[in-house]
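In the numbering used here, the protein residues as written are 53 to 141.
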């Protein structure tokens, strides 16, 4: 692969290069994903059915820092006054 002198490129050329690299990376990831899914389909005949990637993807977890920023609202417990408890007994 030819080396590119990034310092000599203009901002527009660098942005175009970044866009081309992102597009190429997306293509390669999509191709590899299709290959892996096809392989999973082949392997599924030997065992349990395999879930698709979209079905098995875990739900995103909330970071602890976000939990700390948003305190949980606690509902006050309804307690009977001591006088009412004593009268009931």
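Here a beta-carbon is modelled for each residue, glycine too, at the ideal position from N, C-alpha and C. Quick caveat, the model's predicted, so the values are computed rather than measured.
For residue i, the first and last residue of its enclosing alpha helix (DSSP H)
i: residue 55; result: No alpha helix (DSSP H) contains residue 55, which DSSP labels as neither H nor E.
i: residue 99; result: Counting along the chain, residue 99 falls outside any alpha helix (DSSP H), and DSSP gives it neither H nor E.
Contacts around residue i, its chain only, beta-carbon distance under 7 angstroms, and the 5 residues preceding and following it disregarded
i: residue 120; result: Bear in mind that the predicted position of residue 120 carries a pLDDT of just 49, short of 50, making it unreliable; the figure below should be weighed with that in mind. Closer than 7 angstroms at the Cβ level, and outside the excluded window around residue 120, lies no residue.
Close-in-space but distant-in-sequence residues of the same chain around residue i (CB under 6 angstroms, 5 per side omitted)
i: residue 94; result: none
i: residue 71; result: none
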